[in-house]
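Notes to accompany the following structure.
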Amino acid sequence: MEVRWDVFLIIIGSALVTFLPRVLPLMVLSRMELPEWGIRWLNYVPISVMAALVGQELLLQDGQFSLMNNIELLAAIPTVLVAMKTKSLLGTVVAGMVSIMVLRYFL
Amino acid sequence: MSQEGVRVKSFTATEDKGSFLQGVKDCIPTLLGYLSIGFAAGVLEKTAGMSIMEIILLSVLLYAGSAQFIAAGMIAVGSSATAIIITIFFVNLRHILLSAALSPYFRQLTMFKNMLIGSLLTDETFGVAINEAAKRKQIHEKWMHGLNLTAYLNWIVANIAGAYLGQWISDPEKFGLDFALPAMFIGLLILAMVSRKKVKLDVIVAICAVFITVGVALIFPGNVGVIVATVVASTIGMVIDKWK
Chain A
1 MEVRWDVFLI
11 IIGSALVTFL
21 PRVLPLMVLS
31 RMELPEWGIR
41 WLNYVPISVM
51 AALVGQELLL
61 QDGQFSLMNN
71 IELLAAIPTV
81 LVAMKTKSLL
91 GTVVAGMVSI
101 MVLRYFL
Chain B
1 MSQEGVRVKS
11 FTATEDKGSF
21 LQGVKDCIPT
31 LLGYLSIGFA
41 AGVLEKTAGM
51 SIMEIILLSV
61 LLYAGSAQFI
71 AAGMIAVGSS
81 ATAIIITIFF
91 VNLRHILLSA
101 ALSPYFRQLT
111 MFKNMLIGSL
121 LTDETFGVAI
131 NEAAKRKQIH
141 EKWMHGLNLT
151 AYLNWIVANI
161 AGAYLGQWIS
171 DPEKFGLDFA
181 LPAMFIGLLI
191 LAMVSRKKVK
201 LDVIVAICAV
211 FITVGVALIF
221 PGNVGVIVAT
231 VVASTIGMVI
241 DKWK
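Line by line, the protein sequences give chains A and B.
The first sequence begins at 1 in full-length UniProt numbering and counts up one residue at a time.
The second sequence begins at 1 in full-length UniProt numbering and counts up one residue at a time.
Following this line, the structure appears as structure tokens:
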């Protein structure tokens with residue numbers, strides 16, 4: 001049941017950087033408004049951060065660009081299709097896990 | 001029935017609709033999502049080597065699905081605390097938009113009460129709340145607390161349950177658990193794209209983000225690629241959007 005010091009720091013730090021964007025607009029926006037360009041910029045953050053994370057997970061292995069013999073990249077294809085078809089986050093995660101299990105079994 | 005009676009009746013009906021209990025009930029359709037994603041997060045956190053107490057702290061204090069997946073994934077590969085916190089900051093920055101969109105409905109409340117409402121804001125509770133606002137033109141504070149607390153408690157319970165199951169999994173790769181994180185990113189990316197009507201521009205932004213991530217990562221190892229890509233690709237999206 002121990003809590004390691006470095007993990008504790010990660011939890012506190014990430015909780016704080018999550019808490020502020022959650023509460024600040026509700027607390028202050030009744031008194032002021034976000035500039036239009038700010039809203040526009042924020043609108044693209046979910047797309048760019050997720051795409052960047054997908055790119056990092058699928059195309060980089062140990063800091064090297066990897067396109068051939070990349071089993072994760074292959075598993076991503078059915079995962080994307082299931083995401084588009086079902087629009088379900090859980091369905092997508094399960095499809096990804098099943099895809100990689102099947103590919104590892106056969107390749 | 002007299003005019004008076006009708007008015008009284010409709011008044012109590014609105015009161016019921018704005019109650020804490022009604023908020024709890026309106027949360028129910030989202031519970032399967034919380035339980036299953038929370039359970040998966042718990043398994044992942046446990047197999048990443050986190051203790052049950054660390055998992056409870058993480059779910060209670062962070063309370064964010066994709067961020068907890070990231071924390072588990074990055075702790076498992078030994079990323080630095082700074083890299084994890086900055087990545088989670090960007091992933092959760094979208095809450096600014098959700099919080100801002102809800103702010104008009106809680107103007108009458110004090111800043112402290114607004115803080116309580118915002119601290120438990122998630123994509124799902126936002127979805128339910130904004131739907132309520134569209135239907136009734138208002139959101140009751142108590143209803144919102146009922147919604148928020150139900151989702152929150154279910155999330156914590158699901159994480160703990162997942163953590164207990166995770167104890168028995170010695171080889172997470174065997175179940176494809178190492179691919180749960182990339183699959184979740186794919187899911188969030190695709191779901192974000194299909195929920196809005198700007199697919200073409202979104203695809204351009206996404207491709208830019210992927211190229212920048214890979215390009216930067218080849219020069220500077222670590223997670224700085226994701227951060228640079230997020231800032232630059234969002235700016236590209238903002239500029240093209242403005243020009244059109």
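Just so you know, even glycine gets a beta-carbon here, dropped at the ideal spot from N, CA and C.
Rounded to the nearest whole angstrom, the CA to CA distance from residue 190 (chain B) to residue 48 (chain A) is 12 Å.
With a cutoff of 9 Å on beta-carbon distance, residue 120 (chain B) and residue 148 (chain B) are scored as near each other. Inclusion of residue 25 (chain A) and residue 127 (chain B) in the CB contact set at 9 Å is not warranted, their separation being larger than that value. In the same chain as residue 95 (chain B), and ignoring 5 residues on each side of it, the C-beta atoms closer than 7 Å to its own belong to 121, in chain order. For residue 60 (chain A), the beta-bridge partners assigned by DSSP are A:65. It is roughly 44 Å from the alpha-carbon of residue 48 (chain B) to the alpha-carbon of residue 137 (chain B). In the structure shown, residue 68 (chain B) falls within a helical segment according to DSSP collapsed to helix, strand and coil.
The stretch 231-244 of chain B and the stretch 80-98 of chain A do not touch, with fewer than three beta-carbon pairs separated by less than 8 Å. The beta carbons of residue 211 (chain B) and residue 55 (chain A) sit closer together than 9 Å. Non-local beta-carbon contacts of residue 125 (chain B) in its own chain, meaning distances under 6 Å to residues more than five positions away in sequence, involve 147, 148, 151 in chain order. If you look at residue 60 (chain B), you'll find it in the alpha helix (DSSP H) that goes 52-61.
Listed along chain B, the residues sitting closer than 7 Å to residue 34 (chain A) by beta-carbon distance are 100.
Between the stretch 19-29 of chain B and the stretch 41-57 of chain B, the count of Cβ pairs shorter than 8 Å is below three; the stretches do not touch.
Around the Cβ of residue 2 (chain A), a 10 Å sphere holds fewer than 16 other Cβ atoms; the residue is exposed. Residues of chain A whose Cβ lies closer than 9 Å to the Cβ of residue 117 (chain B) are, in chain order, 23, 26.
Per DSSP, reduced to three states, the secondary structure at residue 78 (chain B) is coil, with no helix or strand assignment. Against chain B, the CB of residue 19 (chain A) has a partner CB under 9 Å away; the residue lies at that interface. Per DSSP, reduced to three states, the secondary structure at residue 168 (chain B) is coil, with no helix or strand assignment.
Counting of Cβ neighbours within 10 angstroms places residue 7 (chain A) among the buried residues, the total reaching 16 or more. Against chain A, a Cβ distance below 7 Å from residue 103 (chain B) picks out 25, 26, 29, 30.
Within chain B, no C-beta atom comes nearer than 7 Å to that of residue 68 (chain A); the closest sits roughly 15 Å away. Under the Cβ distance rule, residue 208 (chain B) counts among the residues neighbouring chain A, one pair being separated by less than 9 Å. For residue 28 (chain B), the uninterrupted alpha helix (DSSP H) segment begins and ends at 20-47.
DSSP, reduced to helix, strand and coil, places residue 159 (chain B) within a helical segment of the structure shown. Assignment of residue 112 (chain B) by DSSP, reduced to helix, strand and coil, places it in the helix class.
Within chain A, no C-beta atom comes nearer than 9 Å to that of residue 140 (chain B); the closest sits roughly 15 Å away. Linking residue 77 (chain A) to residue 107 (chain B) through their CA atoms gives a straight-line distance of about 45 Å. With fewer than three CB-CB distances shorter than 8 Å, the stretch 72-83 of chain B does not count as touching the stretch 98-115 of chain B.
Straight through space, the alpha carbons of residue 201 (chain B) and residue 57 (chain B) are spaced by roughly 39 Å.
Judged by DSSP in its simplified three-state form, residue 32 (chain A) adopts coil rather than helix or strand.
When the five nearest sequence neighbours on each side are left out, the beta carbons in the same chain lying within less than 7 Å of the beta carbon of residue 222 (chain B) are those of 83, in order along the chain. With a threshold of 9 Å between beta carbons, residue 106 (chain B) makes contact with chain A. Per the coordinates, the alpha-carbon of residue 19 (chain B) lies some 19 Å from the alpha-carbon of residue 110 (chain B).
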